[in-house]
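Q: Heads up: the sequence shown begins at 41 in my numbering, then just goes up one per residue. Where a beta carbon is used, it is the ideal one built from N, C-alpha and C, also for glycine. No experiment lies behind these values; they were computed from the predicted model shown.
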Amino acid sequence: MNSTTSETVRLIVASNGSDYALTGNQQIVRLSFKTKAAMGAGSINVSTGLVADGDGEEYAPECFGKTFTIISVNDVNHDGEITLGDLAISARLQNTTNDLWNPYTPDVNLSGNVDTLDLQMLVSAILNQ
Ligand SMILES: [Ca+2]
Ligand SMILES: [Ca+2]
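#1: Is any non-hydrogen atom of ligand 1 found closer than 7 Å to the C-beta of residue 147, if you look at the structure I gave you?
#2: What separation, rounded to the nearest whole angstrom, lies between the Cα atoms of residue 159 and residue 146?
#3: Using three-state DSSP, classify residue 99 as helix, strand or coil.
#4: For ligand 2, is there any heavy atom lying closer than 7 Å to the beta carbon of residue 151?
#5: The beta strand (DSSP E) with residue 61 in it runs from where to where?
#6: Given this structure, state the Cα-to-Cα distance separating residue 127 from residue 156, to the nearest angstrom.
#7: Any heavy atom of ligand 1 closer than 7 Å to the beta-carbon of residue 158?
#8: Output the boundary residues of the beta strand (DSSP E) element that contains residue 81.
#9: Is it right to say residue 84 is buried, meaning 16 or more other beta carbons lie within 10 angstroms of its own, or is it exposed?
#10: So, are the CB atoms of residue 130 and residue 148 less than 8 Å apart?
#11: Please indicate yes or no: does the CB of residue 109 lie closer than 7 Å to some heavy atom of ligand 3?
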């Protein structure tokens, strides 16, 4: 899908026999999306839905949406850009403990510490923009 336009996805699902019939209030579908964008925001809305029981009786379920924000692990200072400033912050916080990191996220490879690998990843991210 194009990340800048509204798209529609239609799903039709069915249980696999009466042993898997749903009763009461249950989650029917869980969707996962993978983004192509490094950073941004968007929303997903389920605007209509329809469910049917084994006798063919149809019901309109409650529908809802969700907004989301995509952040990059390379955006150490969370300003929406990956810049030399992010590298400088991670370089300053190298070999420190995470209690000193707030409000930054200098551990860009999520290894639990800040070291030269984090700095290399930031340099690569800056150069590849
Ligand atoms: Ca930044
Ligand atoms: Ca790290």
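A: Once the coordinates are examined:
#1: no
#2: 9 Å
#3: strand
#4: yes
#5: Neither: residue 61 is in no beta strand (DSSP E) and is coded neither H nor E.
#6: 11 Å
#7: no
#8: 80-85
#9: exposed
#10: yes
#11: Inclusion of ligand 3 in the displayed structure is not the case, the ligand content consisting of ligand 1 and ligand 2 alone.
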